[in-house]
Amino acid sequence: MILRRVIKHFRNQEWTAIFLDFLIVVVGVFVGLQVSNWSAERADQIRAKAFLERIDADLSADIHNYRDSIGFWHQVSGYGVIGLEYAKTRDLKGQTYWEILLALFQASQVDEFLTTQTTYDELTSAGELDLITSSHLRAAIAKYYSAGGNLTLSLFPEYRKHVRGIVPLDIQNYIWENCYSTTNNADQLLNDCDAPVAPERASRITDQLADNTALMSELRYWVTNMRVATLISKNRIGQAEAMQAFIQDELGLKHEEKTP
Numbered sequence: 000m001i002l003r004r005v006i007k008h009f010r011n012q013e014w015t016a017i018f019l020d021f022l023i024v025v026v027g028v029f030v031g032l033q034v035s036n037w038s039a040e041r042a043d044q045i046r047a048k049a050f051l052e053r054i055d056a057d058l059s060a061d062i063h064n065y066r067d068s069i070g071f072w073h074q075v076s077g078y079g080v081i082g083l084e085y086a087k088t089r090d091l092k093g094q095t096y097w098e099i100l101l102a103l104f105q106a107s108q109v110d111e112f113l114t115t116q117t118t119y120d121e122l123t124s125a126g127e128l129d130l131i132t133s134s135h136l137r138a139a140i141a142k143y144y145s146a147g148g149n150l151t152l153s154l155f156p157e158y159r160k161h162v163r164g165i166v167p168l169d170i171q172n173y174i175w176e177n178c179y180s181t182t183n184n185a186d187q188l189l190n191d192c193d194a195p196v197a198p199e200r201a202s203r204i205t206d207q208l209a210d211n212t213a214l215m216s217e218l219r220y221w222v223t224n225m226r227v228a229t230l231i232s233k234n235r236i237g238q239a240e241a242m243q244a245f246i247q248d249e250l251g252l253k254h255e256e257k258t259p
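For the sequence shown, the positions run 0 to 259 when numbering that gives the first Met the number 0 is used.
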């Protein structure tokens with residue numbers, strides 16, 4: 000339609016009309032490009048917001064899991080200290096041989112920590128980390144997740160393997176059935192339980208473990224590792240909370256219409 004009109008104007012040498020037609024075409028193309036760019040930018044903003052909200056949720060999960068792990072490590076290392084103290088002093092300190100034996104076994108429990116980073120992996124694998132326009136926030140997110148695989152938080156100690164190779168199987172089975180449980184959220188519970196064996200047998204097994212110098216060295220290392228894991232986790236909680244505040248600021252700045 001416009002092309003036919005332009006040809007007609009050329010034939011009639013109507014230069015003003017030709018200029019106006021040309022202007023209409025240019026403006027139309029420009030407006031079309033601007034609308035397309037605006038739509039793409041708006042789509043990117045919506046996707047970036049969704050990713051940030053998901054990362055915020057992942058961080059909340061990490062904070063919760065770190066706190067759970069800290070509590071678990073505190074309990075397990077406490078069992079380890081009981082065992083080490085007995086090995087050093089041979090003083091029951093008001094406890095029974097069964098309680099010392101149970102402590103030495105429960106000290107082998109682990110709580111492997113894995114960072115929740117499905118969203119981050121999705122962003123990086125698709126090459127879409129640049130959807131997050133703040134360079135400072137991008138750097139903070141990358142730094143947090145690059146340090147997420149700390150081996151201290153996922154160690155399976157030698158002590159675990161060796162103590163379970165010494166404690167008789169019938170006692171281990173009893174502990175698993177009566178002194179250990181899990182919640183629906185897969186949280187581990189280490190419970191007190193009655194002795195399944197006579198004090199004499201509990202004493203023999205306990206002393207067999209306590210007399211094993213190499214085993215006690217492994218336990219000492221494991222208790223120390225849990226202490227370090229706790230310090231790392233507390234630091235990671237601080238990082239996650241700081242990043243959550245940064246994310247909330249970013250979302251608030253970009254979506255002021257939702258802020259009263």
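Glycine included, each C-beta is placed from N, C-alpha and C at the ideal position. From a predicted model like this one, the values you see are computed outputs, not experimental measurements.
Collapsing the DSSP output to three states places residue 51 in a helix. The shortest CA-to-CA distance from residue 187 to any of 131, 196, 114 and 73 is the one to 73. Classified as buried, residue 82 has 16 or more neighbouring CB atoms from the shown chains inside 10 Å of its CB. Counting the other Cβ atoms within 10 Å of the Cβ of residue 49 gives fewer than 16, which makes it exposed. Spanning the alpha carbons of residue 69 and residue 241 requires a straight line of approximately 19 Å. Within the segment 144 to 182, complete alpha helix (DSSP H) segments of at least 4 residues are found at 157 to 165 and 168 to 177, given in chain order. The alpha-carbon of residue 167 is positioned some 29 Å away from that of residue 226. For residue 46, the number of other beta carbons within 10 angstroms of its own is below 16, and it is reported as exposed.
Ranked by how close their Cα comes to the Cα of residue 60, the residues 85, 116, 110 and 89 have 116 in first place.
Annotation: the continuous beta strand (DSSP E) that includes residue 187 extends over 187 to 189.
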